[in-house]
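Protein chains in written order, with our numbering: chain U, 1 to 166; chain D, 1001 to 1195. Just so it is clear, CB atoms sit at the ideal spot from N, CA and C, and this is done for glycine as well. Below you'll find the structure, written out as structure tokens, and then a few comments.
Structure (structure tokens):
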């Protein structure tokens, strides 16, 4: 399979996951999309070096995470800014049925975005169906540390979502 | 991981996977936009109150100085301003629980209030012009007062003109926002019908 075809397969299979990971680290819609694009570019460049030591999903998630973390680090060095929306009409809104439940779902993403970075990293991967041992390998951490962080993060998430709802 | 923890993670995973990122980010932007506009709206109300209080105090001073007719005109202008401000804000803006549809609706209402605010400002600018001209052209008050000085009156007219241009720019912006949110709401309605 050519690299191009392989990459296309990856995009179709993991695009949503990459966007979700990026959105966990960047609240601005346009910047999150840019970040996802950057992550895909990095994946494209790294693809020839893929040696099947980990699954493709892990490979993609790792690069997306690294990109997101370096984006957060880069942004932390820059002054904060909040852009006002100027092109809402051009964006494709999802079906209304999804929109009706957005408050509930939104609170999870909003809560994840508020988590401290050390908790956010394992939580995002956990929510993307990685096992604690995979997360440990992916983040280069001890499995016990990941377990403790996930446990604390779960409590924080619950607290943040309750606060959001009240 | 105990069964309760596992269940909680499973529930969150389902919720996470059903997240429409585009929608979520749009919701967040609307929330931020609404927060900023709410702060802006309070700040503007503060300026209006300060200006109207100043005019009232000046009117009272005029009356105390024996210029009852001039003082009354100040008070009338302040009352007109209070009326215009009330007209702009006569409908309260209800809060949105956080769903995208409610936020769009709230943004639309706020944008419509922006249009009313622009009309109220046109009206107040016109009322102020009439007020200045009435004071200038009538023989009431102190002949040496600023309101009988042609150059100052001309300068005031220039300021009113500039202010009106500013209001027109804001008016155009508010109209664009209304069109945008009406279109957004229509898109949701169309999607709901499709479903």
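Within the same chain, and ignoring the five residues on either side of residue 1058 of chain D in sequence, the residues whose Cβ sits closer than 6 Å to its Cβ are 1074. Taking 8 Å as the threshold, the shortest C-beta distance from residue 1119 of chain D to chain U does not fall below it. Exposed is the label assigned to residue 1042 of chain D, since fewer than 16 other Cβ atoms lie within 10 Å of its Cβ. With a minimum length of 4 residues, the unbroken runs of alpha helix (DSSP H) contained wholly in the stretch 4-84 of chain U fall at 29-46 and 56-76. At a cut-off of 8 Å, the C-beta of residue 34 of chain U has no neighbouring C-beta in chain D.
For the 8 Å CB-CB criterion, residue 1120 of chain D and residue 1088 of chain D form a contact.
The C-beta of residue 1111 of chain D has 16 or more other C-beta atoms within 10 Å across all chains shown, which makes the residue buried. What residue 1048 of chain D touches in chain U, judged by beta-carbon distance under 7 Å, is nothing: the nearest beta carbon there is about 23 Å away. Taking a C-beta cut-off of 7 Å against chain D, the contacting residues of the stretch 123-153 of chain U are 126, 127 and 129, listed in chain order.
Cα atoms of residue 161 of chain U and residue 107 of chain U: separation of roughly 6 Å, rounded to the nearest angstrom. Within chain D, the residues 1012, 1015, 1016 and 1019 have their CB atoms less than 8 Å from the CB of residue 108 of chain U, given in chain order.
If you draw a straight line from the Cα of residue 1083 of chain D to the Cα of residue 1147 of chain D, it is about 24 Å long. From the listed residues D:1014, D:1016, D:1030 and D:1018, the smallest Cα separation to residue 1104 of chain D is found for D:1030. Going by C-alpha positions, residue 153 of chain U is about 24 Å away from residue 29 of chain U. Our two residues, residue 1174 of chain D and residue 27 of chain U, have alpha carbons roughly 25 Å apart in a direct line. At a cut-off of 8 Å, the C-beta of residue 1044 of chain D has no neighbouring C-beta in chain U. The beta-carbon of residue 1026 of chain D is placed less than 8 Å from the nearest beta-carbon of chain U. Put simply, the backbone Cα of residue 1006 of chain D is about 16 Å away from that of residue 156 of chain U. For residue 1139 of chain D, the three-state secondary structure derived from DSSP is coil.
Residue nearest to residue 121 of chain U within the set U:4, U:2, U:44 and U:20 is U:20 (criterion: CA-CA distance). Residue-level contact check: residue 1007 of chain D does not touch chain U, since none of the beta carbons of chain U fall below 8 Å from its beta carbon. Closest in C-alpha terms to residue 55 of chain U, from the list U:129, U:23 and U:68, comes U:129. Contact annotation: the stretch 55-71 of chain U touches the stretch 130-148 of chain U, with at least three C-beta pairs closer than 8 Å.
DSSP places residue 1175 of chain D in the helix class (H, G or I) of the three-state scheme. Residue 142 of chain U carries a coil assignment under DSSP once its states are collapsed to helix, strand and coil. Residue 14 of chain U is not a Cβ neighbour of residue 71 of chain U, given a cutoff of 8 Å.
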